[in-house]
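Contents: one structure, followed by commentary.
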């Protein structure tokens, strides 16, 4: 860890918040993608078996 | 490459097929560039003689601020494509990009505020750049809210694309208005040390890598989210058909 | 076109038409400010131009959903859309009617309310001129927002969220003009910017509002 001096709190908190937000966005996007994908496949299977 | 061939990707099925192949690579490169750039910037660059170690915040603040603006511009272009050519993928790509742009704006705001704190002594200051980003945040919020409020997909696409157009003009106008508004205070104390100033090489190269990482991250997320929007739309269409058929 | 204007004006004027509400709201805001910030007259004098502009803006905002809502609900908007009147003219008339029944009264009331906030006397003329120049823009921009949310139940909050960022340039230049005037400085620059924005919005935004209305009436 480099010596951040008196600004350590500022620098570390910016990195922490930014990385957290990016990670959160990625997680939400991936989870939603998987969920929608699954739901779509269920509906498409249902439609295929009905039609 | 024939530019007309690009329109083939406007076909939802073709878009999903192509991104099936392309997305892993984009995501991988994004991860690589981000990790590389941030580690390089955080651990292996010196302090600035004026700003101390806070200069390290540049590796987050500048790329996110750039992407906040670029995301909106991408939304503007895709909205125009929707208005003119009515390619659903385009409208959905705009919808997909908005939350990403909004998060970028928030990161720019928070890092900007934290960076300014040692200089201004407060956690928030109505600096022209920060204020403009706050207004941009509100534009993103309104755009996303409008998409969510309207049930009919095509109506929502039409209304949000017009909003994006009008919003872009007003966002630009606001930028000038805010600069004018802030003239009186803190002359020269606005957040400098970004692309406009001469950034020394030793800071510049890791910054470039971080910018590249953020761009790739944006592209990866928009591709992923557009795929989701395409599938969600298809789901709504199938459900509607079922309700009418049954 | 004149007939539509007169009709909207009459509708706004009758009981339940919401005519006095904007004014009443403006008065309430101006009354509440000293409770919020304290009664020292020097402080109030300093913030008076800004508060008056804000109060006028918020009062305008409140009446926006009335622009199309009533006609939407009883189907007259569909009828108006099929009339030979171009949609762009329709939205402009609607904006004009809104300004006449909401914006203009606010401009006329502003000097009276400025008294309550101890605004210096040099400030009155710039305040009135800035409001006179700026409120039409607020009506035109508000009409755009109202057109976007016309079909939505309880779209009022969304309407505010969409319209307020669009109001920022007008507010900045309008309040700046009023402030500079109150302090005795030259007001040319903000005045020109404000006038420019108003003219630009009146000239261009009706096209967007008309397009939006067409989409919602499909």
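Protein chains in written order, with the numbering used here: chain A, 3 to 53; chain B, 3 to 248; chain C, 97 to 314. Note that the Cβ used here is the ideal one computed from N, Cα and C, for glycine as well.
**Message:** Let's test the definition: count the other Cβ atoms within 10 Å of the Cβ of residue 142 of chain B and tell me whether it reaches 16, buried, or not, exposed.
**Reply:** buried
**Prompt:** Taking residue 300 of chain C as the reference, which of C:109, C:184, C:291 has the closest Cα?
**Reply:** C:184
**Prompt:** Using the C-alpha atoms, what's the distance from residue 27 of chain B back to residue 184 of chain B?
**Reply:** 44 Å
**Beta-bridge pairing of residue 50 of chain B - partner residues as DSSP gives them** = B:54
**Asked** Around the C-beta of residue 295 of chain C, are 16 or more other C-beta atoms found within 10 angstroms, so that it is buried, or is it exposed?
**Response** exposed
**Prompt:** In chain order, what residues of the same chain have a beta carbon less than 6 Å from the beta carbon of residue 189 of chain B, not counting five sequence neighbours either side?
**Reply:** The predicted position of residue 189 of chain B is uncertain, since its pLDDT is 43 and thus under 50; a value taken from the coordinates is nonetheless stated next. Cβ neighbours of residue 189 of chain B beyond the five flanking positions: none.
**Request:** Taking only the alpha-carbon atoms, compute the straight-line gap between residue 155 of chain C and residue 129 of chain C and give it to the nearest angstrom.
**Result:** 15 Å
**Prompt:** CA-CA distance, residue 280 of chain C and residue 220 of chain C?
**Reply:** 11 Å
**Message:** If the criterion is Cβ atoms closer than 9 Å, does the pair residue 198 of chain C and residue 159 of chain C meet it?
**Reply:** yes
**Message:** Measuring only the C-alpha atoms, how far is residue 230 of chain B from residue 100 of chain C?
**Reply:** 46 Å
**Message:** Buried or exposed, going by whether 16 or more other CB atoms sit within 10 Å of the CB of residue 107 of chain B?
**Reply:** buried
**Request:** Give every residue of the same chain whose Cβ lies closer than 7 Å to the Cβ of residue 73 of chain B, excluding the five residues on either side of it in the sequence, and list them in chain order.
**Result:** 99, 102, 103, 106, 220
**Prompt:** Which runs of the alpha helix (DSSP H) spanning at least 4 residues fall entirely within the segment 33 to 101 of chain B, listed in chain order?
**Reply:** 60 to 87
**Message:** Please classify residue 23 of chain B as buried or exposed, where buried requires at least 16 neighbouring CB atoms within 10 angstroms.
**Reply:** exposed
**residue 40 of chain B versus residue 29 of chain A - alpha carbon distance** = 20 Å
**Message:** So, under 8 Å CB-CB, residue 56 of chain B and residue 12 of chain A are touching, yes? Tell me the CB distance rounded to an integer number of Å.
**Reply:** 6 Å
**Request:** Rounded to whole angstroms, what's the CA-CA distance from residue 203 of chain B to residue 209 of chain B? Just pull it up for me.
**Result:** 9 Å
**Request:** Check residue 46 of chain A in the structure and name its three-state DSSP category.
**Result:** helix
**Message:** Taking 8 Å as the limit between beta carbons, can you name the residues of its chain near residue 78 of chain B, skipping five residues before and five after?
**Reply:** 166, 167, 170
**Prompt:** Which whole runs of the alpha helix (DSSP H) in the segment 228 to 281 of chain C are 4 residues long or more, in chain order?
**Reply:** 252 to 278
**Prompt:** Does the count of Cβ pairs from the segment 141 to 150 of chain C and the segment 198 to 218 of chain C closer than 8 Å reach three?
**Reply:** yes
**Asked** Got a sec? Which residues, its chain only, sit under 6 Å from residue 91 of chain B by beta carbon, not counting five neighbours each side?
**Response** 12, 14, 17
**Request:** Please look up how many angstroms separate the CB atoms of residue 235 of chain B and residue 155 of chain B, rounded, as I've assumed it's under 8 Å.
**Result:** 6 Å
**Message:** Counting C-beta neighbours from all protein chains within 10 Å, is the total for residue 197 of chain B 16 or more, i.e. buried, or is it exposed?
**Reply:** In this predicted model, residue 197 of chain B has a pLDDT of only 42, less than 50, meaning its place in the structure is not dependable; the value taken from the coordinates is given anyway. By the 10 Å Cβ count, residue 197 of chain B comes out exposed.
**Item:** alpha helix (DSSP H) runs contained entirely in the segment 138 to 224 of chain C, provided each spans 4 or more residues
**Value:** 162 to 169, 172 to 178, 183 to 194, 200 to 212
**Message:** Give me the chain C residues within the contact set of residue 176 of chain B, using Cβ-Cβ distance strictly less than 7 Å, ordered along the chain.
**Reply:** 264, 265
**Item:** Close beta carbons around residue 177 of chain C, own chain, < 6 Å, minus the five adjacent residues each side
**Value:** 313
**Item:** residue 133 of chain B beta carbon less than 9 Å from that of residue 59 of chain B
**Value:** no
**Prompt:** Taking the C-alpha atoms as reference points, what is the distance between residue 232 of chain B and residue 149 of chain B?
**Reply:** 15 Å
**Request:** Would you tell me roughly how many angstroms separate the C-alpha atoms of residue 129 of chain B and residue 138 of chain B, rounded to the nearest one?
**Result:** 14 Å
**Prompt:** Which residues of chain C have a Cβ atom closer than 7 Å to the Cβ of residue 144 of chain B, listed in chain order?
**Reply:** 257, 258, 261
**Prompt:** Just reading off the alpha helix (DSSP H) that residue 124 of chain B is part of, what are its end residues?
**Reply:** Taken as a continuous stretch (DSSP letters only), residue 124 of chain B belongs to no alpha helix (DSSP H), as it is neither H nor E.
**Prompt:** Hey, is residue 183 of chain B's beta-carbon within less than 9 Å of any beta-carbon in chain C?
**Reply:** yes
**Asked** With C-beta atoms as the reference, is residue 153 of chain C less than 9 Å away from residue 209 of chain C?
**Response** no
**Request:** Give every residue of the same chain whose Cβ lies closer than 8 Å to the Cβ of residue 276 of chain C, excluding the five residues on either side of it in the sequence, and list them in chain order.
**Result:** 222, 282, 283, 286
**Item:** Secondary structure of residue 13 of chain B, DSSP reduced to three states
**Value:** coil
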